[in-house]
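Per full-length UniProt numbering, the sequence shown starts with residue 1, numbered consecutively.
C-beta atoms are modelled at their ideal positions from N, C-alpha and C, and glycine is treated no differently.
Computed from a prediction, not measured in an experiment: that's the story for all the values here.
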Amino acid sequence: MSDDGNGGRKNLRMPEDDEVFATVTDMLGANRVKVRCADGTERTARIPGKMQKRIWIREDDVVLVEPWDWQDEKADITWRYEKSEADQLREEGHIQ
């Protein structure tokens with residue numbers, strides 16, 4: 001195994017301007033999921049077309065969502081973290 005010098009830490013995609021961390025709590029169907037965001041809000045998020053059938057999202061996955069400006073209880077999923085990446089985010093204190 002190669003050692004990259006930083007203990008196996010990967011540089012992960014972090015939230016940009018309007019994005020927040022969220023955890024998928026329920027699959028609603030029709031490319032919609034229920035998420036609990038890091039800001040404490042429960043939102044209905046949609047899986048955009050560019051992610052459908054390419055990136056599979058399941059319950060308890062950690063994702064980045066971008067809440068809608070005009071309807072705060074809804075959001076778009078912009079990124080899904082692998083399990084190892086989510087564990088790294090928890091260890092570094094970014095998410096619970």
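* Asked: Residues in its own chain within less than 7 Å of ASP18 by CB, not counting five upstream and five downstream?
  -> GLU66, PRO67
* Asked: So, using beta-carbon positions, are MET75 and ARG43 closer together than 8 Å?
  -> In the sequence on display, residue 75 carries Ala and not Met. When the beta-carbon positions are compared, ALA75 and ARG43 come within less than 8 Å of each other.
* To do: Give a yes or no on whether the C-beta atoms belonging to ASP61 and ARG80 are separated by under 8 Å.
  => yes
* Asked: Near THR25, which residues of its chain fall below 6 Å by C-beta distance, leaving aside the five closest residues on each side in sequence?
  -> LYS34, ARG36
* Would a C-beta distance cut-off of 8 Å place ILE77 and ALA38 closer than the cut-off? -> no
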